[in-house]
Each structure stands twice: as structure tokens, then as C-alpha cells.
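Okay, so here's the structure we're looking at.
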Amino acid sequence: MPVGAVVVAAGLTAAALRTSCVLLEVSGGSMRPTYRNGDRLLAVRLPAGTAGGMPGARMARTMVRRRTVVAIRLRPPDAAGRTIPTCMIKRVAALPGEPVPVADGGAGVVPARHVYVLGDHLDTSWDSRHAGPISWDRLTAVVVCRVRHGDAAPPRDLGALSA
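Sequential numbering of the sequence shown, starting at 1, is according to our numbering.
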């Protein structure tokens with residue numbers, strides 16, 4: 001293969017990764033012990049239009065499964081009760097049509113085009129117990145691996161998540 005073709009292929013691969021991956025930084029303790037404050041997470045962006053019959057829906061349903069950690073656009077109240085835009089990471093506890101986890105009331109099932117999410121540290125997590133089921137449209141990415149405490153670690157320090 002000519003050198004020019006390799007350079008072009010490498011450039012296209014880098015551009016594809018830049019548009020499909022995002023680096024997230026954990027702030028807070030709602031996902032302890034899995035993630036700690038300052039951890040950096042590599043996530044794959046979900047395609048726009050993940051709800052209903054939109055083009056990205058099939059891909060999103062394939063990537064988002066029970067126990068998957070997802071990035072979510074939410075607007076939880078701040079300390080003064082005001083709503084502010086934010087992104088959170090939470091673990092998917094139930095998918096559409098599944099019962100709400102019994103420990104969380106167990107009332108009803110998760111509606112179509114929604115997921116029920118929980119933080120790993122339930123005492124400090126703001127999640128579906130407070131916000132209700134989360135619409136697929138609010139899911140922005142699926143976490144695939146982490147780099148602890150913001151280290152610019154080489155790839156050998158990336159740890160795959162266990163389910």
C-alpha cells in the first residue's frame with residue numbers, strides 16, 4: 001500500500017474516532033465504587049435520533065443493555081432547587097417493558113423508548129428514583145473503558161468494564 005494511502009486511512013480513522021468517541025470526566029461520588037471523582041471515561045457516542053423508528057434506534061438498542069453505563073443529558077435540581085443542564089453517567093437497571101427494580105418501589109414497568117437508570121452508590125445518586133424513567137433521546141453515549149484519575153495513561157492502562 002502506498003504511504004499516501006496509509007496516511008489518508010489513518011487520518012480518516014482518527015476523524016471517525018473523534019466524532020464517535022468522547023472523553024468524560026467523573027465529578028462526584030454517585031457511581032462509587034466503580035468510578036471515582038476524577039476518573040476519565042472513554043465513551044462511544046450514540047447516534048442522534050435513538051428513540052422510536054429513527055435511524056439510530058437499532059444501533060442504540062444494540063449498545064444499551066441492562067448494566068451498561070451510559071451518559072445522559074439531565075437537568076437535576078441544584079442545591080437551591082433550580083434546574084440546571086448537566087450530563088450524568090448511570091447504570092441501566094431496566095429496559096423498556098421490564099419491571100422497575102423491586103428495591104426502587106417496583107411500581108409498574110419501564111415505558112417504551114425509556115430506560116431506568118441507577119447510580120452505583122445509591123445513597124448519593126440522583127437517578128430514575130428521582131427523575132423517573134429516562135427517554136432514549138437523553139442517552140448520549142455508552143461508556144466502554146476508563147483511564148483513572150485523569151492520567152494521560154498509555155493504552156495499557158485502559159481497563160475494560162465488566163458487566
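Quick reminder that beta carbons are idealized off the backbone N, C-alpha and C, glycines included.
From a predicted model like this one, the values you see are computed outputs, not experimental measurements.
- Message: Going by the DSSP bridge assignment, what does L122 pair with across the sheet?
- Response: L122 pairs with nothing; no bridge assigned.
- Task: Assign P30 to one of three DSSP states: helix, strand, or coil.
- Result: The question names Pro, yet the displayed sequence has Ser at residue 30. In this structure, S30 counts as coil in the three-state DSSP scheme.
- Task: Kindly identify the DSSP beta-bridge partner or partners of V100.
- Result: Per DSSP, none; premise fails for V100.
- Task: Compute the Euclidean distance between the alpha carbons of L118 and R65, then round it to the nearest angstrom.
- Result: Our two residues, L118 and R65, have alpha carbons roughly 13 Å apart in a direct line.
- Query: Over what stretch of residues does the beta strand (DSSP E) that includes R45 continue unbroken?
  - Reply: For R45, the uninterrupted beta strand (DSSP E) run begins and ends at R40 to R45, by DSSP.
- Item | Distance, P47 Cα to N37 Cα | Cα atoms of N37 and P47: separation of roughly 27 Å, rounded to the nearest angstrom.
- Residue(s) in a DSSP beta bridge with R129: Answer is none; R129 lacks a bridge partner.
- Task: To the nearest angstrom, report how far apart L42 and V100 are at their CA atoms.
- Result: Approximately 28 Å between the Cα atoms of the pair.
- Taking 8 Å as the cut-off, decide whether the C-beta atoms of R67 and V44 are in contact. Contact: no.
- Inter-residue Cα distance where the pair is M31 and G108: One C-alpha to the other measures close to 25 Å.
- Query: Can you name the start and end residues of the beta strand (DSSP E) that R67 belongs to?
  - Reply: The continuous stretches of beta strand (DSSP E) do not include R67, and DSSP gives it neither H nor E.
- Task: Taking A94 as part of the beta strand (DSSP E), name the residues at either end of that continuous run.
- Result: Judged by DSSP secondary structure, A94 falls within the beta strand (DSSP E) whose first and last residues are T86 to A94.
- Item | Chain-order list of residues whose beta-carbon lies under 6 Å from that of D127 (same chain, five-residue window excluded) | Closer than 6 Å at Cβ, skipping near neighbours: K90, V117, L118 and G119.
- Task: Below 8 Å CB to CB, which residues in the same chain sit around A71 once its five sequence neighbours on both sides are set aside?
- Result: Result list for A71: V22, L24, A43, C87, M88, I89, L139, T140, A141, V142 and V143, in chain order.
- Item | Spatial distance of G28 from W136 (CA atoms) | If you draw a straight line from the Cα of G28 to the Cα of W136, it comes to about 24 Å.
- Task: Report the three-state DSSP secondary structure of R146 (helix, strand or coil).
- Result: Of the three classes helix, strand and coil, the one that applies to R146 here is strand, per DSSP.
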